[in-house]
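Student: Numbering (full-length UniProt numbering), first residue to last: 1 to 415. The beta-carbon is built from N, C-alpha and C at its ideal position, and this holds for glycine as well. Note that the coordinates shown come from a computational prediction; the quantities given were computed from them, not determined experimentally.
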Ligand code: CAO
């Protein structure tokens, strides 16, 4: 079966996490992703957080599947010529260098346009145009400047970053959407364009509901679904809401059987209004279904702490999986807190290709997260990440270089 992006060639100038997640997705959709790396070193993540000496780290292998790797010194004059040849041959250049690095290399937007007017140039940067546009940015910086950290954690503690890589992988996802959109527009205009996904913007987009709450707070001074209500105080900015739900159906994380020993013996419980009577039945508080103090969502809001404490008395008598089964039997939305160990071992995730075992020539077998987006006409086969420079000769030959030219460029240190 063909792939959605068959025939699309990506010059992948990305490193670390944000850019590589984007080009990995494009590779999974069928694009030919040619990762350009620095000879001898490569993407810095190849050697970061290594668990096996001298072997590409899981950090690298899990972000660079289905790509080819070529090593080019893009600061070497002859290396620049090779890069020019690649620019002429590819449809999209994706990069997430520090601001200005591509220009300093000599590959400005204007120069790239001269070489290939159809080229789409897609970039991840920390910030969009403005006072911070020249700053380097990593994941947690993005979470802090995008509104996530100030709204995550508990009210009596400091801001907290989340384990979900919303700054890096989240922005990579935004960039991938920008790229396929630009490719679609190009089918009509015939022209390339610049695509920018700033990490601050990407995180803020994912924190959209918190900007909603900022405006609600300014208008009403209080947000009744927040744990600060009714006894705490609200300041000028959206406070940290602990484990409260970000939507209109109050929720909280509750202990389950075994919580004393197991840090993940918890369940997320949502007191969804349409199933309130069923919740009351399950936890043995049938009278709450009709008691005016508990029967309506509005009446429950000032009593959420008491209500969740009562529900927790019930969840503590069940394991998280028992609770999940019973509650779902009544259509009550909930979710066990799954550890990474449990997720890695979950057979249904293996079956759908969301968790995949991959074989690597120097590392052996390892687990990875496969393509989370499933296309019925473009199935994903996850293949291993490339070794550093593994495809240099192959790609050079495709660009029209002879064996002698390739040897000469290697001697010159260009590749
Ligand atoms: N040949 C020769 N030189 C190369 C090369 C190659 N193949 N590939 C890269 N380089 C050079 C670049 O030209 C740059 O040189 P100059 O500084 O002289 O212009 C240099 O390598 C380093 O690039 P960098 O500044 O991007 O790398 P860094 O490690 O200092 O910074 C990072 C890393 C991530 C902070 C920065 O790239 C950045 O802010 N990127 C944008 C935001 C982003 O994506 N952040 C997410 C990172 S994941 O948490």
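Return helix, strand or coil for residue 186, following the three-state DSSP convention.
Tutor: Taking the first residue of the chain shown as 1, we reach residue 186 at position 186. Three-state result, residue 186: helix.
Student: Kindly indicate which residue of 26, 12, 16 has the alpha-carbon position closest to the one of residue 371.
Tutor: For the purposes of this step, residue 371 is taken as residue 371 along the chain shown, with counting starting at 1. The option with the nearest alpha carbon to residue 371 is 26.
Student: Between 265, 295, 138, which has its C-alpha nearest residue 161's C-alpha?
Tutor: As a first step, residue 161 is located in the chain shown; it is residue number 161 there, counting from the start. With distances taken between Cα atoms, residue 161 lies closest to 138.
Student: Taking the beta strand (DSSP E) that residue 299 belongs to, which residues open and close that run?
Tutor: As a working note, residue 299 is residue 299 in the chain shown. That residue, residue 299, is in no beta strand (DSSP E); its alpha helix (DSSP H) goes 297-300.
Student: Are the C-beta atoms of residue 282 and some chain C residue less than 9 Å apart?
Tutor: Checking the listed chains, one finds no chain C in this structure; it contains a single protein chain.
Student: Leaving out the 5 sequence neighbours to the left and right, which residues in its chain are closer than 6 Å to residue 171 when beta-carbon positions are compared?
Tutor: Within the chain shown, numbered from 1, the residue matching residue 171 stands at position 171. Correct list, in chain order: 18, 124, 197, 199, 202.
Student: Report yes if the C-beta distance between residue 412 and residue 76 is below 9 Å; otherwise report no.
Tutor: Numbered from its first residue, the chain shown carries residue 412 at position 412. Numbered from its first residue, the chain shown carries residue 76 at position 76. Contact: yes.
Student: Below 8 Å CB to CB, which residues in the same chain sit around residue 255 once its five sequence neighbours on both sides are set aside?
Tutor: Working through the chain shown from its first residue, we reach residue 255 at position 255. Cβ within range, chain order: 265, 266, 312, 315, 316.
Student: Quick one: Cα of residue 243 to Cα of residue 252, how far?
Tutor: In the chain shown, residue 243 corresponds to position 243, counting from 1. In the chain shown, residue 252 corresponds to position 252, counting from 1. Those two C-alpha atoms are separated by around 5 Å.
Student: Taking all protein chains shown into account, do 16 or more other C-beta atoms lie within 10 angstroms of the C-beta of residue 422, making it buried, or fewer, making it exposed?
Tutor: Lying before the first or after the last residue shown, residue 422 is absent from the chain, which here runs from 1 to 415.
Student: Could you have a look at residue 27 and say whether DSSP puts it in helix, strand or coil?
Tutor: Counted from its first residue, the chain shown places residue 27 at position 27. Residue 27 falls in the helix class under three-state DSSP.
Student: Is it the case that the Cβ atoms of residue 87 and residue 11 are separated by a distance below 9 Å?
Tutor: Mapped onto the chain shown, residue 87 falls at position 87. Mapped onto the chain shown, residue 11 falls at position 11. Contact: yes.
Student: I want to know whether the segment 26-44 touches the segment 67-75 - three or more CB-CB distances under 8 Å.
Tutor: Taking 8 Å as the limit for Cβ pairs, the verdict is that the segment 67-75 does touch the segment 26-44.
Student: With a threshold of 16 other CB atoms inside 10 Å of the CB of residue 184, please say whether the residue is buried or exposed.
Tutor: Your numbering for residue 184 matches position 184 in the chain shown. Burial call: exposed.
Student: Within 8 Å, do at least three Cβ pairs link the segment 43-62 to the segment 372-392?
Tutor: Result yes; three or more Cβ-Cβ pairs closer than 8 Å.
Student: Indicate whether residue 133 and residue 99 have their beta-carbon atoms separated by less than 9 Å.
Tutor: Counting from one through the chain shown, the residue named residue 133 turns up at place 133. Counting from one through the chain shown, the residue named residue 99 turns up at place 99. Taking 9 Å as the Cβ cut-off, residue 133 and residue 99 qualify as a contacting pair.
Student: Is the beta carbon of residue 249 sitting closer than 9 Å to the one on residue 272?
Tutor: For the purposes of this step, residue 249 is identified with residue 249 of the chain shown, where counting begins at 1. For the purposes of this step, residue 272 is identified with residue 272 of the chain shown, where counting begins at 1. In this structure, residue 272 lies closer than 9 Å to residue 249 by Cβ.
Student: Quick one: any contact between the segment 203-220 and the segment 144-153, if contact means 3 or more CB pairs under 8 Å?
Tutor: Because the criterion of three Cβ pairs below 8 Å is met, the segment 203-220 and the segment 144-153 touch.
Student: Please work out which residues of its chain come closer than 6 Å, Cβ to Cβ, to residue 295, disregarding the five sequence neighbours upstream and downstream, and give them in chain order.
Tutor: Here the question's residue 295 lines up with position 295 in the chain shown. Answer for residue 295: no residue qualifies.
Student: Over the uninterrupted alpha helix (DSSP H) stretch that includes residue 11, give me the two end residues.
Tutor: As a position in the chain shown, residue 11 is number 11, starting the count at 1. It is not in any alpha helix (DSSP H) - residue 11 instead sits in the beta strand (DSSP E) that spans 9-13.
Student: Using a 10 Å radius around the Cβ and a threshold of 16 neighbouring Cβ atoms, would you call residue 102 buried or exposed?
Tutor: Translated into the one-based positions of the chain shown, residue 102 becomes position 102. Counting Cβ neighbours within 10 Å, residue 102 comes out buried, since at least 16 surround it.
Student: Suppose contacts are defined by Cβ-Cβ distances below 9 Å. Is residue 92 in contact with residue 31 by that definition?
Tutor: Looking up residue 92 in the chain shown gives position 92. Looking up residue 31 in the chain shown gives position 31. Cβ atoms of residue 92 and residue 31: closer than 9 Å.
Student: Taking all protein chains shown into account, do 16 or more other C-beta atoms lie within 10 angstroms of the C-beta of residue 95, making it buried, or fewer, making it exposed?
Tutor: To locate residue 95, count along the chain shown from 1; it is residue 95. Buried is the call here.
Student: Based on DSSP bridge pairs, tell me the residues matched to residue 357.
Tutor: Translated into positions along the chain shown, residue 357 becomes position 357. 367, per the DSSP bridge assignment.
Student: Taking 8 Å as the cut-off, is the CB of residue 15 close to at least one heavy atom of the ligand CAO?
Tutor: Within the chain shown, residue 15 is the residue found at index 15, counting from 1. Flag set: Cβ of residue 15 near the ligand CAO.
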